[in-house]
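Asker: Got a structure here, written out as structure tokens. Questions coming.
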Amino acid sequence: MSNESSTVKEQTIFGKEKNPSSIEPKKLTLDSHIKFRCHPGVSCFTACCGGIKIVLTPYDILQLSKRLGIPSHEFLHQYTLPTYLEKTDMPGVMIKLREDDNKCPFVTPEGCTVYTDRPTACRYYPVGMADFHEGGSRDQEGNENTPEEEKFFFIVREDHCKGFEEDKEWTVREWREDQGVDVRDEMNKEWLRLVMRRKSFGLQATLSEQAKRMFFMASTDLSTFRRFIFESSFLDTYEIEEELLEKIKEDDVELMHFSFKYLAATLFGAKAIKIKEEKIKEKVEQMKQQQDETVEQSVKEYEMLKQSLEQEKEETGIKNKQ
Ligand code: SF4
Ligand code: SF4
């Protein structure tokens, strides 16, 4: 399988940037009509579940771990491989294909065994969405707005896919509803914004290793992120409302949304999470102290320099007299 087709599902979540031949060069709206149907009767059934890169969103990981009844770290270990997201240095994961046949571990000849919890990328095909793009205005919390009118849709058509030969017609809106894509979009949008925002900075602006580790932990392993909140000095630093704390203790989806806010605050300085007043004062004090120490040090250095210059002058004077 070519590189192009192996990234087709990735393009459907992240939108398109160039125009490979599998993407039809036509902008669609929610009311545009498409002719497509995928069902066990098509001759290519499950052909698109192999030789492919399926990037997982945080919500995908959450749902698949629940579906399989295992903690997220175990899911990550067993079913995923690390990858970088959308040509950025932000770490994420993709599904680890089976070694023997290079297919998704969840596919059988009868179809997808996790169908109702399948990842976002598998739901999108063949209708991709653009555009969660960089730039644009920002809301009060410093997050970028993505106005509805910036969105458009496009068809991804793989040669081997016979779904286009079926008679069923839908609007893009109906197709998306049927595939449960709208719910996924809502769940994924803040995370996608983080990735796209990072992408807009380009690779010149480097992300520290610590920031990368934090991004990976908060967006892939929610149980560890929860421990980080409740078992580290996190709550000494940030001011979080009691009500929200209670929610994120138990509710994984709330915790996931909170993780996006936390990442926006730490990576991009969004004002979504408040730092405690005393922590800010402490930091200001620390900076002032560092500043004072620097001034003190430079005064000392100046004095020493002056002294050595005077000494030099004195010595030269003595020599001249001799
Ligand atoms: S998760 Fe399901 S739909 Fe997606 S590639 Fe795997 S088997 Fe196919
Ligand atoms: S290749 Fe197309 S029609 Fe065939 S199983 Fe995949 S999505 Fe369905």
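For the sequence shown, my numbering assigns the number 603 to the initial residue and increments by one for each residue that follows.
The beta carbon of each residue, even a glycine, is placed where N, CA and C say it ideally should be.
Keep in mind that this is a model prediction, so the values were computed, not measured.
Using a threshold of 8 Å, is the CB atom of GLY765 nearer than that to any non-hydrogen atom of ligand 2?
Answerer: The answer is yes for GLY765.
Asker: May I ask whether a heavy atom of ligand 1 can be found less than 8 Å away from the beta carbon of VAL716?
Answerer: Checking every heavy atom of ligand 1 against the Cβ of VAL716, one is found closer than 8 Å.
Asker: Ligand 2 and ALA723: does the residue's C-beta get closer than 8 Å to at least one heavy atom of that ligand?
Answerer: No, the beta carbon of ALA723 sits no closer than 8 Å to any heavy atom of ligand 2.
Asker: Please classify MET906: is it buried, with 16 or more other beta-carbons within 10 angstroms of its beta-carbon, or exposed?
Answerer: With fewer than 16 other Cβ atoms within 10 Å, it is exposed.
Asker: Per DSSP, which residues does THR773 bridge with? Please list them.
Answerer: For THR773, which the question treats as bridged, DSSP gives the partners HIS635.
Asker: One question on the structure: do GLU763 and PHE708 come within less than 9 Å of each other, judged by their Cβ atoms?
Answerer: Correcting the residue type first, residue 763 is Cys in the shown sequence and not Glu. No.
Asker: Can you tell me whether GLY765 is helix, strand or coil according to DSSP?
Answerer: Three-state DSSP puts GLY765 in a helix.
Asker: Note down the Cα distance separating GLU750 from ARG795, rounded to an integer number of angstroms.
Answerer: The predicted model places GLU750 with a pLDDT of 48, which falls under 50 and marks its position as unreliable; any figure quoted below should be read in that light. Each residue's Cα considered, the two are about 14 Å apart.
Asker: What do you get for GLN909, buried or exposed, if any count of 16 or more other CB atoms within 10 angstroms of its CB means buried?
Answerer: It counts as exposed.
Asker: Check whether the Cβ atoms of THR682 and LYS698 lie closer than 9 Å to each other.
Answerer: Yes, the pair counts as a contact, with Cβ atoms nearer than the cut-off.
Asker: So, PHE766 versus ARG775, is the Cβ gap smaller than 9 Å?
Answerer: The answer is no: Cβ separation not under 9 Å.
Asker: Quick one: residues in its chain with C-beta nearer than 8 Å to the C-beta of PHE754, no 5 flanking neighbours on either side, listed in chain order?
Answerer: Cβ within range, chain order: LYS629, LEU630, THR631, MET731, ALA732, ASP733.
Asker: Apply the 10 Å Cβ neighbour rule to GLY643 and answer buried if 16 or more other Cβ atoms are within range, or exposed otherwise.
Answerer: Exposed is the call here.
Asker: So, is the C-beta of THR918 closer than 9 Å to a C-beta in chain D?
Answerer: No chain D appears in the structure shown, which is made up of a single protein chain.
Asker: When we look at the beta-carbon of LEU847 and count the other beta-carbons within 10 Å, is it buried (16 or more) or exposed?
Answerer: Exposed is the call here.
Asker: For the segment 716–723 against the segment 656–675, do three or more pairs of beta-carbon atoms, one drawn from each stretch, fall closer than 8 Å, so that the two count as touching?
Answerer: The segment 716–723, when compared against the segment 656–675, does touch it at the 8 Å Cβ threshold.
Asker: Below 6 Å CB to CB, which residues in the same chain sit around GLU779 once its five sequence neighbours on both sides are set aside?
Answerer: Excluding sequence neighbours, GLU779 sits near nothing in its chain.
Asker: Does PRO660 come out as helix, strand or coil in the three-state DSSP assignment?
Answerer: DSSP places PRO660 in helix when its eight states are reduced to three.
Asker: Can you give the beta carbon distance from LYS849 to PRO693, rounded, assuming they're within the 8 Å contact cut?
Answerer: Actually they do not touch by this definition, with Cβ atoms about 27 Å apart.
Asker: Taking SER624 as the reference, which of LEU666, TYR717, TYR727 has the closest Cα?
Answerer: Comparing Cα-Cα distances from SER624 to each of LEU666, TYR717, TYR727, the minimum goes to TYR727.
Asker: Can you find the residues in the same chain that come closer than 8 Å, C-beta to C-beta, to GLY713, ignoring five residues on each side of it along the sequence?
Answerer: Within the same chain, GLY713 has close Cβ partners PRO642, PHE647, THR648.
Asker: Would you give the residue range spanned by the alpha helix (DSSP H) that MET969 belongs to?
Answerer: The structure shown has nothing for residue 969, since the chain only spans 603 to 924.
Asker: Sort GLN680, ASP784, TRP772, THR822 by Cα distance to LEU687 and report the nearest one.
Answerer: Residue THR822 is the option with its Cα nearest to LEU687.
Asker: Expressed to the nearest angstrom, what Euclidean distance is found between the alpha-carbon atoms of VAL729 and GLU768?
Answerer: Their Cα atoms are separated by approximately 16 Å.
Asker: For MET906, which of helix, strand or coil comes out of DSSP?
Answerer: The answer is helix: DSSP assigns MET906 an H, G or I state.
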